[in-house]
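What follows is a short report on a single structure.
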Amino acid sequence: MTPLHHEVSGPADGPPLVLGPSLGTSTAVWGQQLPGLSRDFRTIAYDLPGHGGSATGPPRDTGDTGDTGDTTVADLAGLVLSVADGLGLDRFHYAGISLGGAVGAHLAAHHPDRVASLALVCSSAHFGPPGPWRERARLVRDQGTAPLLDTAPDRWFSDESLAATGTGRRLLDALAATAPAGYAACCDALAAYDLRDRLADITAPTLVVGGSRDMATPLPHARELAAGVPRSTLEVLECGHLAAEAPSPLLETLRRHLGRAPTP
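Just so we're aligned: the sequence shown equals residues 992 to 1255 in our numbering.
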């Protein structure tokens, strides 16, 4: 398997906190929270396959392009565990945005001994029917991510003017630079993802963050997660899908959650 690019910051002896990104972004999606989180935590922010600094490489050993059409969230979770194993982390906190949240939820449901606490930001137990995700995967394999750049601000931000800010430009630049095969493989993972019948298996203390203006995963997705995970708390922020409009409230909410969680 091709290792995931990851960036480690914070005190070496701090409680480990793994940060998962959303589809089409990179570690930059956590840029506004990292300084605050890394004061007390050893943060490990990773890039999805073909995103940021990660090579596309197939999560499964099926070829050299990653364009197999059968990537799953379980595959992505396995890559994250490989990062944790490489750093000697038996147990860690986890926070993820959208697809990054789905990876964390899978880990918490299937590897409960590894996840000390979980935060799911603008995420879901099921991202809708597979057809649109398969169609987007085919589009990107054929034309790259360029066709997505015009519509991404509407999906990601509740105020499209955010696209012209430094934060918005960094996120859109990450989308433009994402390898088509890696993006498409993650679309395939979203198409096949459905954790609704395993939410009750998540035993880690869980924070669910929903965006009141999130058009990609509207509030019912967050409410479903909170209703299904036994030890969960729901917080609603005034933001769109990536919570980019609410950097300080998200940081404060995460720090409160992590402060109450058991030390890994």
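All C-beta atoms in this analysis are idealised placements derived from N, C-alpha and C, irrespective of residue type, glycine included.
Just to confirm my understanding: we take A1128, look at its own chain, exclude 5 residues before and 5 after, and list those with CB closer than 7 Å. What are they?
Hits under 7 Å: A1175, C1178 and D1179.
Would you tell me roughly how many angstroms separate the C-alpha atoms of R1082 and R1187, rounded to the nearest one?
Counting only the Cα atoms, R1187 lies some 24 Å from R1082.
Whole-angstrom distance between P1121 and S1183, CA atom to CA atom
Reading off the sequence, residue 1183 comes out as Ala, not Ser. Cα to Cα, A1183 sits roughly 6 Å from P1121.
At what residues does the alpha helix (DSSP H) containing H1097 begin and finish?
Counting along the chain, the alpha helix (DSSP H) containing H1097 begins and ends at L1090 to H1101.
At a cut of 8 Å, does the region 1206-1220 reach the region 1241-1250 through at least three beta carbon pairs?
In short, these stretches do not touch, since the Cβ pair count stays below three.
Short of 6 Å in beta carbon distance, which residues of its chain neighbour T1224, apart from the five on each side in sequence? Order them along the chain.
The beta carbon of T1224 lies closer than 6 Å to those of L1198 in the same chain, with the five residues before and after it left out.
Between D1145 and the rest of its own chain, which residues show a CB-CB distance below 8 Å, the 5 nearest in sequence each way excluded?
Taken in chain order, the residues that qualify are E1151 and M1206.
Run through DSSP, which three-state label would T1156 get?
DSSP places T1156 in coil when its eight states are reduced to three.
Let's test the definition: count the other Cβ atoms within 10 Å of the Cβ of T1016 and tell me whether it reaches 16, buried, or not, exposed.
Buried, since its Cβ has 16 or more Cβ neighbours within 10 Å.
Could you please give the first and the last residue of the uninterrupted alpha helix (DSSP H) stretch that includes T1224?
For T1224, there is no enclosing alpha helix (DSSP H); the residue is part of the beta strand (DSSP E) that begins and ends at S1223 to L1228.
Could you name the residues that DSSP lists as bridge partners for T1034?
Secondary-structure assignment with DSSP links T1034 through a beta bridge to S1000 and L1008.
Mind listing, in chain order, the continuous alpha helix (DSSP H) runs of no fewer than 4 residues lying wholly within the region 1155-1234?
Taking only runs of at least 4 residues, the alpha helix (DSSP H) segments lying wholly in the region 1155-1234 are 1157-1168, 1171-1183 and 1210-1219.
Looking at C-alpha atoms only, which residue of S1239, W1147, P1238 and L1025 is the closest neighbour of T1208?
With distances taken between Cα atoms, T1208 lies closest to W1147.
Since G1087 sits in a beta bridge, which residues does DSSP pair it with?
DSSP, once it has assigned bridges, lists G1011 and L1111 as partnering G1087.
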